[in-house]
Amino acid sequence: MKPILVRGGGDLATGIIWQLCRSGYPVIITECERPMAIRREAAFCEAVRFGEKEVEGITCRRALSIEEALEEVTPAAPQLLVDPGLRCLESFHPDVLVDAILAKKNLGTTPDMADLVIGIGPGFTCGRDVHYVVETVRGHKLGRIIEEGSAMPNTGVPGLIGGFGRERVIHAPADGRISLRHDIGDIVEEGEILAEITDAEGQKTPVPATISGVLRGILPEGYEVFRGLKTADIDPRREQQMNCYTISDKARCIAGSVVTLVSAYEHSIR
């Protein structure tokens, strides 16, 4: 089977990619120039900035062309392309494509892009956009494979962790460039300043912690933000500090469903 193409390299996508690689499938990832991953210590999209990113023993490397990616990719070495518009499809037709951008809407994926097209989360309808959808809302239906219709609509309310939902996610209070006071893995207290945002006139706006806990994710130093953009994520469970660097339970659950679909497809073409 040809390498699997995965759109997106954020933390949930990384869980999918990691599971596919460990199951023996080579994976090529497409990303944008400025990934917005909050949980970037567990996200292969960091290869855009650094050239490579290791997550739980698997190292993803950035390729400069689809030809290079196809030459270098193995199940142990996923390759990342900066190619948000999927120009790679002009010369590469994958058997399987997974849209794991998590944009809450379809950014151009169609069922004819591969023999098996899987959409992760809301924004996709089976038959119209993709062949299958995988549910991403926490709870009993998390990871469910949907064969007709769509995933549950985006509620805009984060799932509860340690009794906190909306409070644990921090959004930018202003437009500008972010400057970090804390980074991923730090223990922070409610009200403590996590970062500052400097606007075009040099005005600085502090970004305070909304709750106490572990800073599980935050946008990187110097990132250009706009007011309301998801900027940071705090886990109230201090004992989860080391888990900032590993794949989440949610990502592993979703990944299992993707591997199920890919395995079923592979057996059907043998």
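Quick note on numbering: the sequence shown equals residues 1446 to 1715 in my numbering. Every residue, glycine too, gets a C-beta built ideally from N, C-alpha and C. Note that the coordinates shown come from a computational prediction; the quantities given were computed from them, not determined experimentally.
With distances taken from CA atoms, which of Gly1460, Tyr1470 and Glu1478 is nearest arginine 1484? Gly1460
Alpha carbon to alpha carbon, what distance is there between arginine 1661 and arginine 1682? 10 Å
Residues that aspartate 1544 bridges to, as DSSP identifies them: Arg1452 and Gly1564
Collapsed DSSP secondary structure at lysine 1649 in the structure displayed: In the structure shown, the three-state DSSP call for lysine 1649 is strand.
Rounded to whole angstroms, how far is the Cβ of isoleucine 1699 from the Cβ of glycine 1588, which I believe are closer than 8 Å? Contact between isoleucine 1699 and glycine 1588 is confirmed by a C-beta separation of about 5 Å, below the 8 Å threshold.
Are the beta-carbon atoms of valine 1451 and isoleucine 1474 separated by less than 8 Å? Yes, Cβ-Cβ distance for valine 1451 and isoleucine 1474 is below 8 Å.
Beta-carbon within less than 6 Å of glycine 1566's beta-carbon, same chain only, minus the 5 sequence neighbours each way: which residues are those? Cβ within range, chain order: Leu1547, Thr1581 and Ala1596.
Whole-Å CB distance - aspartate 1528 paired with asparagine 1551, under 8 Å assumed: The beta-carbon distance between aspartate 1528 and asparagine 1551, rounded to whole angstroms, is 17 Å. This is too long to meet the 8 Å contact definition.
Within the chosen definition, does the segment 1487-1501 reach the segment 1510-1525 through at least 3 CB pairs nearer than 8 Å? yes
Assuming cysteine 1466 contacts isoleucine 1503 under a Cβ cut-off of 8 Å, what Cβ separation, rounded to an integer in Å, is found between them? About 5 Å separates the CB atoms of cysteine 1466 and isoleucine 1503; that is less than 8 Å, so the two are in contact.
Less than 8 Å between the CB atoms is what I'm expecting for cysteine 1669 and arginine 1622, so what's the real figure, rounded? Residue identity check: residue 1669 is glutamate in the sequence provided, not cysteine. Contact holds; Cβ gap of about 6 Å.
Cα separation between isoleucine 1663 and isoleucine 1642? 13 Å
Pull the bridge partners of arginine 1507 from the DSSP assignment, please. Leu1525
Looking at the unbroken alpha helix (DSSP H) that takes in tyrosine 1577, where does it start and where does it end? Unbroken run through tyrosine 1577 is the beta strand (DSSP E), 1577-1579; no alpha helix (DSSP H).
Start-to-end residues for the beta strand (DSSP E) that takes in glutamate 1497: Its beta strand (DSSP E) spans residues 1497-1500.
Ignore the nearest five residues each way along the sequence and tell me which others in valine 1633's own chain have a CB closer than 8 Å to its CB. His1627, Leu1639, Ala1654, Ser1657, Gly1658, Val1659, Leu1660 and Ile1679
Aspartate 1694, enclosing alpha helix (DSSP H) - first and last residue: Taken as a continuous stretch (DSSP letters only), the alpha helix (DSSP H) holding aspartate 1694 covers 1694-1713.
Three-state secondary structure (DSSP) of isoleucine 1462: Isoleucine 1462 sits in a helix when the DSSP states are folded into three classes.
Simplified DSSP state of cysteine 1490, which is helix, strand or coil: helix
Determine the DSSP secondary structure at aspartate 1628, reduced to helix, strand or coil. coil
For the beta strand (DSSP E) that isoleucine 1638 lies in, which residues bound it at each end? 1638-1643
Where does leucine 1660 fall in DSSP's three states? strand
Beta-carbon spacing of alanine 1514, glycine 1453 below 8 Å: no
How many angstroms separate the CA atom of alanine 1617 from the CA atom of lysine 1649? 12 Å
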